[in-house]
Structures are given as C-alpha cells and as structure tokens.
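The structure appears right after this line, and notes come after that.
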Amino acid sequence: MKLDKFVLAQNMAFLISIPPESNLAKLLSFCLATKARVNTSGTEILKITCELMENPSNLPYWTQDVMGLDLDYSSEEWKALGEMGIKDAAEFMAKIGQELDSLNL
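In terms of the working numbering, the sequence shown is residues 247 to 351.
Following this line, the structure appears as structure tokens:
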C-alpha cells in the first residue's frame, strides 16, 4: 500500500491536534512503543485495531495482543501501558470517544 503525501499530512495534522495529556495521546504513545514482527501485515494490525473500536471493553486484551505482536514484551511497551493509567477500560475508551468528538480538524 502506498501512502501519498496528503494522507501523511492528514495524519500529521490529526496527531498535532491531540492534547498531550489526553487518553488518546496516551493510547497513541502506547501504539508507537509497540513493534510488530516483520511478517505481520498492516491488514492484520488494522483488523485487530478495528475490533478494539467495535469492542472497547476489550482494551486490556487488545493491549496484550499488540504487545505480543513481536513476541517480545519490551520495557518501553510496559512503560507506555503503565502511563495510560487504565483503571476502567470502558471509561478510558469512552473518554477517547469524547476526545475524538472534540477535535477541531
């Protein structure tokens, strides 16, 4: 799949618009800390991520699945997971929904 410059610009604008202390920023930081095996397709990653969006209460299981994509649970991944401060997965994901709704793009 080839990403064009406009898609990259859209994604960059989205990231810049996110307040750094938000749950959304914490979730994206976690995503950036994770690594996938070389043979893990973007389609597979998109599938499991879409499943999270459909079933936000599965966040604890999703984080473990994503951390395990490279068969290595790194200290960076554990740190990013801890910084998410998840006490209630449904509440955490509901807040992300509110944050997404309030973004002004």
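Just so it is clear, CB atoms sit at the ideal spot from N, CA and C, and this is done for glycine as well.
Give me the Cα-Cα distance between K272 and L249, rounded to the nearest whole angstrom. 25 Å
Taking the alpha carbon of P302 as the reference point, which residue from P266, I332, V253 and L261 has its own alpha carbon closest? I332
Straight-line CA distance for E322 to I262? 22 Å
Cβ contact check for the stretch 282–299 and the stretch 255–270: 3 or more pairs under 8 Å: Under the 8 Å Cβ criterion, the stretch 282–299 does not count as touching the stretch 255–270, having fewer than three qualifying pairs.
Nearest candidate by alpha-carbon position, reference I294, set P306, A282 and V312: Among P306, A282 and V312, the Cα nearest to that of I294 is on V312.
Go to D316, then tell me how far its alpha helix (DSSP H) extends in each direction, as first and last residue. Neither: D316 is in no alpha helix (DSSP H) and is coded neither H nor E.
Give the secondary structure of T295 by DSSP, where H, G and I count as helix, E and B as strand, and everything else as coil. helix
Below 8 Å between beta carbons: does that hold for L305 and L315? no
With distances taken Cα to Cα, identify the nearest neighbour of N335 among K325, L317, R283 and Y307. First, the residue type needs correcting, since residue 335 is Ala and not Asn in the sequence shown. Measuring from the Cα of A335, the nearest candidate turns out to be Y307.
Cβ pair T309, F276 closer than 8 Å: yes
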